[in-house]
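Below: one structure, written as structure tokens.
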Amino acid sequence: MSNPTNLQYSAEHEWIALDGDTARVGVTAYAADALGDIVYVDLPAVGDTVTAGQTCGELESTKSVSDLYSPVTGEVVEVNEDVDGDPSLVNSDPFGRGWLLVVKVTAAVDLLDAAAYDALLEA
1 MSNPTNLQYS AEHEWIALDG DTARVGVTAY AADALGDIVY VDLPAVGDTV TAGQTCGELE
61 STKSVSDLYS PVTGEVVEVN EDVDGDPSLV NSDPFGRGWL LVVKVTAAVD LLDAAAYDAL
121 LEA
């Protein structure tokens, strides 16, 4: 699966879809594939504050547990309840129905475009 060019990416393999001052966040297909079959997600609650570069949740697969890092700083305004009920959506549709949370952004770090993220994966 190629990485959509309309998104931005973190070096920790999260994707970000910015819309004004909000960002929808998920993990990339590369991350989902590396994790294997995801069986549980632990996401922050609506109203929680997340900090760019810091852990904000976990993804548990049949292989391991991996930290979820926030690519932006701000307040969580929505979490994907569908993923809570069916974590496999992260594997089957990471850039669509498998999104994880929406953050009202107060600060962002330098993010990668699709070409730079692809180059990171090739390195």
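Counted the way UniProt numbering counts, the sequence shown spans residues 1 to 123. For every residue, glycine included, the Cβ atom is placed at its ideal position computed from N, Cα and C.
Note down the Cα distance separating Asp84 from Glu78, rounded to an integer number of angstroms.
12 Å
Between the Cα of Val102 and those of Leu89, Val27, Val76, spot the shortest distance and give me the residue it belongs to.
Val76
Out of curiosity, what's the CA-to-CA distance linking Thr73 and Thr51?
4 Å
What residue from Ser70, Ala45, Ala31 has the CA that sits closest to Ser61's CA?
Ala31
Please classify Asp82: does DSSP put it in a helix, a strand, or coil?
helix
Residues of its chain near Ser10, where Cβ-Cβ distance is below 8 Å and the 5 sequence neighbours each way are ignored
Ile16, Tyr69, Pro71, Val109, Leu111, Leu112
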